[in-house]
Amino acid sequence: MIEQKEITLDNMSRGFHNIDKIIYDSFNTLPEKGLINIFVKHTSAGLMINENADPDVQADLQSLLGKMAPEGAPFYRHTMEGKDDMPAHFKSSVFGQSVSVPITNGRLNLGTWQSVFFCEFRNYGGRRKLVLTLYS
7 MIEQKEITLD NMSRGFHNID KIIYDSFNTL PEKGLINIFV KHTSAGLMIN ENADPDVQAD
67 LQSLLGKMAP EGAPFYRHTM EGKDDMPAHF KSSVFGQSVS VPITNGRLNL GTWQSVFFCE
127 FRNYGGRRKL VLTLYS
């Protein structure tokens, strides 16, 4: 069986936002066994699975990304949407727009310190849409 929902996230600041609870809250229950795919419908945002215990991980990722794709670099040609837009497209390409997570015993089968994170790469990205596809 396949169940699919499209949800809209409220405005989120630039950074990495744990969305495990949002995923759980989007369904009445998760199946005993299955798979969920989470897809973000935007080219300047992304998704990742990463550590949820130490916020320094997210801070270090932000620092690394800032060095890899600085805002306002003089070689960018795509600049009409703001100085944060082209770096956001690059970061989205690096992180990707979807993640899949196995479901076991009605729970996301993530590692001890893992969570699913929505990655907002714009300063003011606005409301963002996710497609959640549940396979059971």
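All residue numbers for the sequence shown refer to our numbering, where the first residue is 7 and numbers rise by one. Backbone N, C-alpha and C define an ideal beta-carbon position, used for all residues, glycine too. None of the values given here were measured: they were computed from a predicted structure.
Helix, strand or coil: how does DSSP classify S104 here? strand
Check: DSSP three-state call for M74: helix, strand or coil?
Finding: helix
* Which residues in the same chain as R134 place their Cβ atom closer than 8 Å to its Cβ, once the five residues preceding and following it in sequence are excluded? -> T14, L15, M18, V46, K47, H48, A51, F124 and E126
Could you pull the start and end residues of the alpha helix (DSSP H) that Y30 belongs to? D26 to D31
Taking the DSSP output, what are the residues bridged to S19? Y130
Reducing DSSP to helix, strand and coil, say where M54 ends up.
strand
- request: With L41 as the anchor, note down where its beta strand (DSSP E) starts and where it stops.
  value: K39 to V46
Please state the DSSP three-state secondary structure of S99.
helix
*asked:* Quick check: the Cα distance between H84 and Q103, rounded to an integer number of angstroms?
replied: 20 Å
Could you tell me the distance, in whole angstroms, from the CA atom of I25 to the CA atom of G78?
30 Å
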